[in-house]
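J.: Below is one structure. I have some questions about it.
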Amino acid sequence: MKVEWLHEARRNRESQLAYIAERNPAAAVRLGDAIADATVRLANFPEIAPRGRVEGTRELLIAGTPYIAIYRIENSKVVILRLLHDSQIWPPPEIP
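Residue 3 is where the sequence shown starts when you use this note's numbering, and the numbers rise one by one after that.
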């Protein structure tokens with residue numbers, strides 16, 4: 003199955019990796035690899051993660067990291083909506 007990153011999710015990923023790379027470049031590489039591995043797993047097993055807190059979503063814990071990929075399955079693709087650190091509030095207050 004195809005995996006598509008929405009703009010907001012790509013921005014989340016890029017900003018998290020940049021933040022970590024400033025402090026620990028090797029850790030940023032490891033996180034990038036873990037995210038890439040998770041993306042491959044989603045392509046092959048889109049229902050691997052439990053249902054999310056927002057209707058119609060799923061939440062995949064990125065193995066070995068404190069990050070969560072929020073996604074939904076649409077027709078023949080996985081759409082990653084957000085990539086969040088587990089300390090971030092989700093869902094945001096405006097989403098019931």
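A virtual CB, placed ideally from N, CA and C, is assigned to each residue, including glycine.
Using only CA atoms, which one of Leu-83, Pro-93, Val-31 lies nearest to Ala-11?
T.: Taking the sequence shown and counting its residues from 1, the one referred to as residue 11 is at position 9. Checked all of Leu-83, Pro-93, Val-31; the closest Cα to Ala-11 is Leu-83.
J.: May I have the straight-line CA-CA distance separating Leu-8 from Tyr-73, to the nearest angstrom?
T.: Position 6 of the sequence shown, counting from 1, holds the residue named residue 8. Position 71 of the sequence shown, counting from 1, holds the residue named residue 73. Roughly 10 Å separates the two Cα atoms.
J.: Can you check which of these residues, Leu-62, Val-56, Ala-23, is closest to Val-42 by C-alpha distance?
T.: Within the sequence shown, numbered from 1, the residue matching residue 42 stands at position 40. Closest option to Val-42, Cα to Cα, is Leu-62.
J.: Only counting the same chain, and skipping five residues up and downstream in sequence, which positions put a Cβ closer than 6 Å to that of Thr-59?
T.: In the sequence shown, the residue the question calls residue 59 occupies position 57. Result list for Thr-59: Ile-72, Arg-74, in chain order.
J.: Going by beta carbon distance, what residues of the same chain come within less than 6 Å of Leu-86, once the five residues before and after it are set aside?
T.: The sequence position of residue 86 within the sequence shown is 84, counting from 1. Cβ within range, chain order: Ile-70, Trp-92.
J.: Can you tell me which of the three DSSP states Val-80 falls into?
T.: The residue you call residue 80 lines up with position 78 of the sequence shown. The answer is strand: DSSP assigns Val-80 an E or B state.
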